[in-house]
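**Student:** Using our numbering, read the sequence shown as starting at 958 and increasing by one per residue. Okay, handing you the structure first.
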Amino acid sequence: MEYTTKLMYQSNYWYNDGMKKANIRDLSGAITSLKKSLQYNTANIAARNLLGLVYYGRGDVGEALVEWILSKNFQSHENIANYYIQKVRENPEELDAVNQALKKYNQALSICYQNGEDLAIIHLKKAVAAHPSYVKAYQLLALIYMHTEQYSKARQAVRAAYKLDTTDDITLRYMHELNQIRKERTVRVKEKEKKEQHTVTYNIGNETIIQPVSSGFKENAGLHSVGNIVIGLVVGVAVMWFLVMPAITASRQEKINEQSVAFSDKIATQEAEISALTKELDAYRSTSEETENAQATANSTKDSYELVMNIAKHYAAKDMGDEAMLEELLKIVPDSLGTVGRDQYEEITGELYPRMCTNLFGTAQENFEVANYASAITNLEKVMQMDEGYNDGAAMLLLAQSYEKSGDIEQANLKYQKVIESYAGTQAAENAQAALDAQSAGGEE
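Rendered as structure tokens:
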């Protein structure tokens, strides 16, 4: 009891922490805290409902619905999750807009694979216009703007994402990168202005004196004139040839070397920036399939829970036939169900599946005897979904025989081989081996 109480306290602590962070738009931090809360107590309804709201605030409507459906399964009555789900369903236009935004986002990711940044930007603009709270769309839009050096537009997209979630790692990283780019560009502008300055300004009392920068050429010309007058034409030519010209040549070479180093550093910096942004863009491209898989999983979870809940009502009321219930149950993905949903699913199938396996196997035998192999295959495939090893492999053997009689030798041999490997020592395995041997003997003849 003491251990359970400690878990409850820890779960409530992280729930309160998530609530505080959500109130200041620290949505990423709130998600982390609420997930910890659910690790300590998976049935914490308040934490799960709040996690759904936080996902919804970031534009991740699919993830929000999953959390609310899970919450609804833990507590079906007097649960605000019912209200949230109902509100989403009552507004099909908003839900359609969210679906369209998700499609546009996935299309933009796909287009990025083909380096079509301009078209990707158009799709992302449509996505955020239809779904203004979609953080991921703003982030990808900012990344593409950075990649195409449209830094002012990138800042606008990053600011929009920051307003929605103030602590998202990706958003903060982009903000830092944009600040660094701005600093580098400011330094380059100041250096350019300094080089272009041709006057010197200074104050004497209350007066401001603006004086042109002294010309090194004039000073050198004066010195050369004095030298020519004092030393003479021959000495001046000698000085120019042996002293001045090598110095000028060395100076020019030094400037060329400095410029080469500066240009090399600049090119290296730009290449590093481009490489970093390209890697980031590649990372986004690589997550396209993961995003689609996550969405498919969320949809599968939602559909499976809805089916289990619907069948459970009919099962309790006994107002639905076995065959109809079986058709619905076979659509469910058991691995996507949580604890409560899985318990209900196993309770129903534990009673229904054995009964239906017996009925369908008997019907398939009758189908086989009258050469109705297509119906036999249909019925036996349902048996395989319920219990692949029904009757010690006899059902799978009959399925293999039905495939063979229907002319699908490849499928038949796959089933025969599986019976031999999985049910060695049974009558079904002996019959399967005999069927394969008969095929081999017929081929040799």
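The beta-carbon is built from N, C-alpha and C at its ideal position, and this holds for glycine as well.
1. Looking at C-alpha atoms only, which residue of L1309, M1343, Q1342, S1363 is the closest neighbour of F1325?
2. Going along the chain, which residues of its own chain have a beta-carbon closer than 6 Å to the beta-carbon of A1386, five neighbours each way excluded?
3. Starting from M1353, trace the alpha helix (DSSP H) both ways and give me its first and last residue.
4. Which word fits A1391, buried or exposed, when buried means at least 16 other C-beta atoms lie within 10 angstroms of its C-beta?
5. Could you give the residue range of the alpha helix (DSSP H) that holds V1327?
6. Just to confirm my understanding: we take S1359, look at its own chain, exclude 5 residues before and 5 after, and list those with CB closer than 7 Å. What are they?
7. For T1128, tell me which candidate among Q1137, V1290, L1100, S968 has the shortest Cα-Cα distance.
8. Return the first residue and the last residue of the alpha helix (DSSP H) that V1376 is part of.
9. Determine the direct distance from the alpha carbon of Y1091 to that of A1003, and round the result to whole angstroms.
10. Tell me whether H1133 sits in a helix, a strand or coil according to DSSP, three-state version.
11. The alpha helix (DSSP H) spanning I1037 covers which residue range?
12. According to DSSP, is A1000 part of a helix, a strand, or is it coil?
13. Would you say S1404 and Y972 are within 7 Å of each other, going by their C-beta atoms?
14. Kindly indicate the opening and closing residues of the alpha helix (DSSP H) around G1382.
15. If you count every other CB in all the chains shown that lies within 10 Å of the CB of S968, and 16 or more means buried, which is it?
16. When we look at the beta-carbon of H1080 and count the other beta-carbons within 10 Å, is it buried (16 or more) or exposed?
17. Alpha carbons only, please: which of E1361, D1365, Y1310 is nearest the one belonging to V1340?
18. Measuring straight from C-alpha to C-alpha, what distance separates Y1040 and E1361?
19. Among Y1102, A1281, L1007, whose alpha-carbon lies nearest the alpha-carbon of L1027?
20. Who are the near neighbours of Y1272 in its chain, counting only those whose CB is closer than 6 Å to its CB and skipping five residues on each side?
21. Grab me the residues of T1383's own chain with a C-beta within less than 6 Å of its C-beta, minus the 5 sequence neighbours each way, in chain order.
22. With distances taken from CA atoms, which of A1398, E1367, M1353 is nearest A1389?
**Tutor:** Taking the geometry as given:
1. S1363
2. V1376, I1377, Y1380
3. 1351–1363
4. exposed
5. Run containing V1327: none; DSSP gives neither H nor E here.
6. These residues qualify, in order along the chain: F1325, Y1330, A1333, I1334, L1337.
7. L1100
8. 1366–1379
9. 24 Å
10. helix
11. 1037–1047
12. coil
13. Since the displayed the chain opens at 958 and closes at 1402, residue 1404 lies outside it and no answer follows.
14. First-last for G1382: undefined, no H or E at that position.
15. buried
16. buried
17. Y1310
18. 54 Å
19. L1007
20. Excluding residues within five positions, the ones whose Cβ falls inside 6 Å are I1305.
21. Excluding sequence neighbours, T1383 sits near D1349, G1350.
22. M1353
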